[in-house]
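Below: the structure, in structure tokens.
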Amino acid sequence: MKIVFLTSSYYPFFSAIGKCVYNLVNELKNENEIIVISNMTTINLSNEVYFEGQKIVRIRTSSMMSRDRILAQNTNNKIATLINKTRLYLLRIAGYLRIIISKHTIEKPLVKEYFDALLSVDNVDLIIPTCYPFEAVVAAQEYKDKINRKVQIIPFLFDKFADSPTLHRNQLNKKAKYKYNLLLEEQMIKSSTKVLYVDSWLQKMKEHFSQYDEKLIHVEHPLIIDHFSGIAITNEVANDDYIEITYTGVLDKAVRPVSTTLKIISKIIKKNNKFRFHFYVLGNGIDEVNYYNKEYPDNIINHGQVESNLALSKIKQSDILLSIGNTDTTLIPSKIFEYMSSGKPIIHFYHSDDDRVISMLKDYEIGYCIDQNKEIMDSEISSLIEFCISKKTHKKTFEEVQKIFYKANPNYISNIILNGRGKIDE
Numbered sequence: 004m005k006i007v008f009l010t011s012s013y014y015p016f017f018s019a020i021g022k023c024v025y026n027l028v029n030e031l032k033n034e035n036e037i038i039v040i041s042n043m044t045t046i047n048l049s050n051e052v053y054f055e056g057q058k059i060v061r062i063r064t065s066s067m068m069s070r071d072r073i074l075a076q077n078t079n080n081k082i083a084t085l086i087n088k089t090r091l092y093l094l095r096i097a098g099y100l101r102i103i104i105s106k107h108t109i110e111k112p113l114v115k116e117y118f119d120a121l122l123s124v125d126n127v128d129l130i131i132p133t134c135y136p137f138e139a140v141v142a143a144q145e146y147k148d149k150i151n152r153k154v155q156i157i158p159f160l161f162d163k164f165a166d167s168p169t170l171h172r173n174q175l176n177k178k179a180k181y182k183y184n185l186l187l188e189e190q191m192i193k194s195s196t197k198v199l200y201v202d203s204w205l206q207k208m209k210e211h212f213s214q215y216d217e218k219l220i221h222v223e224h225p226l227i228i229d230h231f232s233g234i235a236i237t238n239e240v241a242n243d244d245y246i247e248i249t250y251t252g253v254l255d256k257a258v259r260p261v262s263t264t265l266k267i268i269s270k271i272i273k274k275n276n277k278f279r280f281h282f283y284v285l286g287n288g289i290d291e292v293n294y295y296n297k298e299y300p301d302n303i304i305n306h307g308q309v310e311s312n313l314a315l316s317k318i319k320q321s322d323i324l325l326s327i328g329n330t331d332t333t334l335i336p337s338k339i340f341e342y343m344s345s346g347k348p349i350i351h352f353y354h355s356d357d358d359r360v361i362s363m364l365k366d367y368e369i370g371y372c373i374d375q376n377k378e379i380m381d382s383e384i385s386s387l388i389e390f391c392i393s394k395k396t397h398k399k400t401f402e403e404v405q406k407i408f409y410k411a412n413p414n415y416i417s418n419i420i421l422n423g424r425g426k427i428d429e
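Every letter in the sequence shown is one number past the one before it in our numbering, and letter 150, counting from 1, is 153.
Right, here's the structure in full:
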């Protein structure tokens with residue numbers, strides 16, 4: 004069978020969704036031909052590449068390529084920097100206006116890029132588009148409607164579309180387009196063989212699409228795999244005198260704010276300066292990490308964005324892992340599955356008691372959860388410090404983690420894709 008995934012950023016700079024796709028590809032590639040069409044920068048990367056038995060096609064719209072070229076310029080010239088900032092601002096304004104005047108919250112040029120890439124693939128049997136971006140879903144539908152009515156489509160829905168808190172640029176636009184975006188979601192279900200979705204879509208499916216229940220399959224993120232057995236450890240941060248705590252992933256001021264977390268971290272450092280916090284991050288929350296780095300240069304370190312394997316090596320090397328919950332608690336940070344796969348102790352900062360990570364870490368047994376909305380008393384800081392000191396050397400085996408969270412195993416989910424609702428030996 005020839006299977007085509009449509010997704011966002013992929014190899015070598017995997018997004019959270021890209022990692023999920025990669026894990027499924029590894030389960031499916033031995034008996035199927037796999038092509039992954041990814042929307043990501045092509046600066047210093049080829050448009051096509053073969054990697055670990057799969058073909059990767061990289062696409063980009065013209066406005067995205069313009070943005071990539073501007074961001075890739077490294078100059079100390081103040082005038083050039085000002086010009087580049089102005090160009091980026093104008094590109095953002097143009098993108099904003101395109102979304103505002105369109106009927107749906109869809110980038111039509113991105114749909115076309117996915118569609119054209121699909122046209123270059125012969126004899127497609129199955130298309131698995133992911134959301135984000137929903138443009139991948141729309142492109143798959145167009146391909147089925149216009150080119151191959153027999154092709155199967157199985158969307159894998161991670162991030163929200165019509166109900167997204169950030170995608171629509173502003174609340175007025177979200178409300179104005181909601182019923183049209185909702186129709187796109189329904190059309191997606193109708194044209195698909197089945198639809199896989201994670202927790203963030205659970206309420207939407209119950210409230211709006213229960214009539215299609217036979218097609219809808221609720222799954223976990225396919226991220227419980229043994230990431231770490233073949234990952235080498237570097238010696239950059241190893242120091243037995245310190246408790247090394249690592250955060251990897253995105254920091255976003257709206258979706259995953261870090262300000263309260265950093266305030267609590269500063270209290271920990273003031274009480275015990277043998278804690279060292281490493282951030283391997285991207286996103287608009289980086290400035291806040293840099294601010295605290297200036298205050299505590301020996302204890303809070305921003306390493307910036309790194310390739311996936313390097314991030315994994317830092318997780319493996321750390322004593323404790325740091326998790327920050329989303330403001331929208333229906334969105335489970337996919338990072339938590341990767342963290343649990345490591346078997347390391349986890350500290351989780353959450354925004355609401357509805358955060359499902361709290362119950363997951365209860366099952367995991369070596370987690371510590373902190374409510375960011377409450378005033379953190381000195382006794383709680385002491386308790387957190389004691390947890391870190393006492394659990395520093397604790398570790399679960401991968402086999403233990405896999406047994407607890409078997410529904411997040413890519414093998415379990417790949418069986419659902421190919422065979423049904425996951426009826427395999429458990």
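Cβ atoms here follow ideal geometry from the backbone N, Cα and C, with glycine treated the same way.
Cβ shell of residue i (< 8 Å), same chain only, five flanking positions each side left out
i, result
"P168", "A257, V258, T330, D331"
"F340", "E223, H224, L226, I227, F408, A411"
Pair within 8 Å by beta-carbon distance, residue i and residue j
i, j, result
"C372", "L226", "no"
"D229", "F8", "no"
"K116", "T64", "Per the sequence shown, residue 116 should be read as Glu rather than Lys. Cβ atoms of E116 and T64: closer than 8 Å."
"A411", "H221", "no"
"I271", "N176", "no"
"F159", "I131", "yes"
"V292", "V253", "no"
"S321", "T264", "no"
"P430", "N42", "Beyond the ends of the chain as shown, which are 4 and 429, falls residue 430; an answer cannot be given."
"S123", "I156", "no"
"K197", "K180", "no"
"V140", "C134", "yes"
"Y342", "Q375", "no"
"I335", "V201", "yes"
Spatial neighbours of residue i in its chain, beta-carbon cut-off 7 Å, leaving aside the 5 residues before and after
i, result
"D428", "For D428, the predicted model reports a pLDDT of 32, less than 50, meaning its position is unreliable; a value from the coordinates is still stated below. Correct list: empty, nothing qualifies."
"N87", "I73, Q76"
"D255", "G286, N287, G288"
"H211", "L185"
"D381", "none"
"L364", "I349, H351, G370, C372"
"L31", "I6, I37, S417"
"A165", "Y181, N184, L185, E188"
Neighbourhood of residue i by C-beta distance below 6 Å, restricted to the same chain and skipping five residues each side
i, result
"K106", "Y183"
"K399", "G346"
"P112", "T64"
"V52", "I59"
"I268", "F280"
Per-residue burial, residue i [other beta carbons within 10 Å of its own, 16 or more giving buried]
i, result
"Q1", "Nothing can be reported for residue 1: it is not among the residues displayed for the chain, which extend from 4 to 429."
"M191", "buried"
"V28", "buried"
"Y367", "buried"
"K153", "exposed"
"S232", "exposed"
"H397", "exposed"
"M208", "buried"
"K426", "Confidence in K426 is poor, its pLDDT being 38 and thus under 50, which makes the residue's placement too unreliable to answer from."
"F54", "exposed"
"P413", "buried"
"R61", "buried"
"Q206", "exposed"
"N33", "exposed"
"L199", "buried"
"I444", "There is simply no residue 444 to check, as the chain begins at 4 and stops at 429 in what is shown."
"A120", "buried"
"D358", "buried"
"L85", "exposed"
Local conformation of residue i per DSSP, three classes
i, result
"R359", "coil"
"L199", "strand"
"Y17", "Here residue 17 is Phe; the residue named in the question, Tyr, does not match the sequence. Looking at F17 - three-state DSSP - the assignment turns out to be coil, as it is neither helix nor strand."
"V261", "coil"
"I86", "helix"
"L74", "helix"
"L325", "strand"
"L9", "strand"
"I350", "strand"
"L100", "helix"
"R63", "coil"
"I339", "helix"
"K81", "helix"
heavy atom of the ligand PLP below 7 Å from residue i C-beta
i, result
"N33", "In the structure shown, the ligand PLP is absent, as is every other ligand, since no ligand is present at all."
CB contact check: residue i to chain B, cutoff 8 Å
i, result
"Y53", "No chain B is part of this structure, which consists of one protein chain only."
Worksheet item: Fully enclosed by the stretch 363-419, which alpha helix (DSSP H) runs are 4 residues long or longer?
Response: 381-394, 401-407
Item to complete: At 4 residues or longer, and completely inside the stretch 107-188: list those alpha helix (DSSP H) runs for me, N to C.
Response: 111-122, 137-149
Worksheet item: Which parts of the stretch 264-321 are runs of the alpha helix (DSSP H), unbroken and 4 residues or longer, counting only runs that do not cross its ends?
Response: 289-298, 311-320
Worksheet entry | Segments of 3+ residues assigned as beta strand (DSSP E) that fall wholly inside the stretch 30-61 | 36-42, 51-54
Discussion item. I'd like the ranges of any beta strand (DSSP E) spanning at least 3 consecutive residues and lying wholly in the stretch 207-254.
Written reply: 219-221, 246-253
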